[in-house]
Amino acid sequence: MSLNRIFEIASTGAGAQSQRLNVVASNLANADAVAGPDGQSYKARQVVFQTQAVAGQPAGGVRVSSVIEDQSPGKRVHDPKHPLADAQGYVTTSNVNVVEEMVNMISASRSYQNNVEVMNTAQQLLLKTLQLGQ
Amino acid sequence: MLDRLTANLDFHGNALTLRADRQRVIAANIANADTPGYQARDQDFAAALASATGYRPAGGAIAAAGGGAAKAAGLVATDARHLGPGGAPAGSTALLFRVPEQAAGDANTVDMDRERANFADNAVRYEATLRFINGSVRTSLSAIRGD
């Protein structure tokens, strides 16, 4: 019954989007962090989506293949009084672009909603199929 | 004799399976809306139904399935090995690739508006097929009971 597989596919979509939302939350929370747990400034993280191929099936779900770190240099702010300031008085903060992250968040939440809608429709269709011939 | 009772049910049963398949393909498109390089797929429903049931619409031409699936220009395939206008063998159930209206920077060809519309459209048609089956079962039962 291929309608059952819709739940699998849509749940991989919703799962991947929620992981993306998690990464966005982490990036936004650390947007103003000066130093991460390792002493370095926080690097923005991004998820990479990949189609999850199923053997013998043309249509597949989606999965997060990796989480990459943005290697661009962090913002440098002149703040000589800061305890982590360097010799020139500059503090390196994270390289998170807040505007990009907000756009990412909206996109992820819309895609998540789409997947939920797909599951709702598939559920209704399955229920109607179960009532067939009654 | 008995197969005449179920011939009509068979046709709608095939249609129902194909509708469920198409629903799954569109669900996969929606799940992969943000996957870089993903190519949206769709089924040519008329061709798939024709190859599943042997039923050909009048004129022999296969009308293109909704949306951007390759449009058939009224070519008549008289042999199973003839190619359709989309390049796929006429009447084959192979999935076609959607033609994108606007190019995306990451080579993803999923157009969410179109996928949502197709998904809703396919859901309605799936329900319609269910009702056809229900109606035909009810008709047969009432003929059997004679009431």
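Going line by line, the protein sequences match chains L and Y. Here this note's numbering is used: the first residue of the first sequence is 62, the next is one more, and so on. Here this note's numbering is used: the first residue of the second sequence is 968, the next is one more, and so on. We treat Cβ as the ideally placed atom computed from N, Cα and C, and that holds for glycine. Given the structure is predicted, the values throughout are model-derived calculations rather than measurements.
CB contact below 8 Å: residue i versus chain L
i                 : result
VAL992 (chain Y)  : yes
ILE1100 (chain Y) : yes
ASN999 (chain Y)  : yes
ALA1036 (chain Y) : Any reading at ALA1036 (chain Y) must be qualified, since the residue scores a pLDDT of 41, below 50, and its modelled position is unreliable; the value itself is stated next. Answer no: the Cβ-Cβ gap between ALA1036 (chain Y) and chain L never drops below 8 Å.
VAL1077 (chain Y) : no
ALA1031 (chain Y) : Its pLDDT being 40, under 50, ALA1031 (chain Y) is placed unreliably in this model, and the coordinates cannot settle the point.
GLY1058 (chain Y) : Low per-residue confidence applies at GLY1058 (chain Y): pLDDT is 47, beneath 50, and the placement is therefore not dependable, though the value from the model is reported in the following sentence. Answer no: the Cβ-Cβ gap between GLY1058 (chain Y) and chain L never drops below 8 Å.
ARG1081 (chain Y) : no
LEU1063 (chain Y) : no
VAL1066 (chain Y) : no
TYR1005 (chain Y) : yes
ASP1131 (chain Y) : The requested residue 1131 (chain Y) does not occur in the structure, where chain Y is confined to residues 968 to 1114.
TYR1093 (chain Y) : yes
ARG1008 (chain Y) : yes
PHE1086 (chain Y) : yes
LEU1097 (chain Y) : yes
Cα-Cα separation between residue i and residue j, rounded to whole angstroms
i                 : j                 : result
GLY1035 (chain Y) : ALA994 (chain Y)  : Note on GLY1035 (chain Y): pLDDT 39, under 50, position unreliable in the model; the coordinate value appears next. So the two alpha carbons sit approximately 16 Å from each other.
ALA1070 (chain Y) : LEU969 (chain Y)  : 54 Å
GLN78 (chain L)   : GLY135 (chain L)  : 26 Å
LEU983 (chain Y)  : ALA998 (chain Y)  : 22 Å
VAL84 (chain L)   : GLU1068 (chain Y) : 31 Å
ALA94 (chain L)   : ARG991 (chain Y)  : 43 Å
ALA1015 (chain Y) : SER1103 (chain Y) : 23 Å
PHE978 (chain Y)  : ILE129 (chain L)  : 50 Å
VAL179 (chain L)  : ASP988 (chain Y)  : 14 Å
SER102 (chain L)  : TYR151 (chain L)  : 13 Å
VAL159 (chain L)  : LYS104 (chain L)  : 13 Å
GLY1017 (chain Y) : ASP131 (chain L)  : A small fix is needed here, since residue 1017 (chain Y) is Ala in this sequence, not Gly. The alpha-carbon atoms of ALA1017 (chain Y) and ASP131 (chain L) are separated by roughly 51 Å.
VAL138 (chain L)  : SER126 (chain L)  : 34 Å
SER1107 (chain Y) : LEU1097 (chain Y) : 15 Å
ASP1046 (chain Y) : ASP1011 (chain Y) : 18 Å
ARG1105 (chain Y) : GLY1113 (chain Y) : 12 Å
GLU161 (chain L)  : ALA114 (chain L)  : 30 Å
GLY194 (chain L)  : PHE1099 (chain Y) : 10 Å
ARG986 (chain Y)  : GLY100 (chain L)  : 56 Å
ALA71 (chain L)   : ALA1013 (chain Y) : 26 Å
THR153 (chain L)  : ASP147 (chain L)  : 9 Å
ARG81 (chain L)   : ASN176 (chain L)  : 14 Å
TYR1093 (chain Y) : ALA92 (chain L)   : 48 Å
ASN975 (chain Y)  : VAL1091 (chain Y) : 20 Å
Any chain A beta carbon closer than 8 Å to residue i
i                 : result
THR1002 (chain Y) : Note that chain A does not occur in the displayed structure, where the protein chains are L and Y.
CB contact below 8 Å: residue i versus chain Y
i                : result
GLN132 (chain L) : no
ILE67 (chain L)  : yes
THR154 (chain L) : no
ALA96 (chain L)  : no
LEU64 (chain L)  : yes
ILE129 (chain L) : no
VAL84 (chain L)  : no
VAL123 (chain L) : yes
GLY74 (chain L)  : yes
ILE167 (chain L) : no
ALA146 (chain L) : no
ALA92 (chain L)  : no
Distance cut-off 7 Å: residue i Cβ against heavy atoms of the ligand COA
i                : result
GLY194 (chain L) : Among the components modelled here there is no ligand, and therefore nothing to report on the ligand COA.
(request) Decide if the segment 140-149 of chain L is in contact with the segment 162-170 of chain L; the criterion is three or more beta carbon pairs, one per stretch, under 8 Å apart. (result) no
(message) Does the structure place the segment 1070-1077 of chain Y close enough to the segment 178-190 of chain L that three or more beta carbon pairs sit under 8 Å?
(response) no
(request) Would you check if there are 3 or more beta carbon pairs closer than 8 Å linking the segment 998-1017 of chain Y to the segment 98-112 of chain L? (result) yes
(message) Output needed in chain order: residues of the segment 169-193 of chain L with a Cβ under 9 Å from some Cβ in chain Y.
(response) Contacts with chain Y (Cβ-Cβ distance below 9 Å) from the segment 169-193 of chain L involve ALA169, ARG171, SER172, ASN175, ASN176, GLU178, VAL179, MET180, THR182, ALA183, GLN185, LEU186, LYS189, THR190, GLN192, LEU193, listed in chain order.
(request) Within the segment 111-135 of chain L, note down every full alpha helix (DSSP H) run reaching 4 residues or more, in order along the chain. (result) None, since the segment 111-135 of chain L contains no complete alpha helix (DSSP H) of that length.
(request) Identify each residue in the segment 103-117 of chain L for which the Cβ-Cβ distance to at least one residue of chain Y is less than 7 Å, and report them in chain order. (result) PHE110, GLN111, THR112
(message) I'd like to know if the segment 171-186 of chain L and the segment 86-100 of chain L are in contact, where contact means that at least 3 CB-CB pairs between them fall below 8 Å.
(response) no
(message) What are the residues in the segment 970-981 of chain Y lying within 7 Å of chain L by C-beta distance?
(response) none
(request) Tell me the start and end of each unbroken alpha helix (DSSP H) in the segment 143-191 of chain L that is at least 4 residues and wholly inside, in chain order. (result) 159-191
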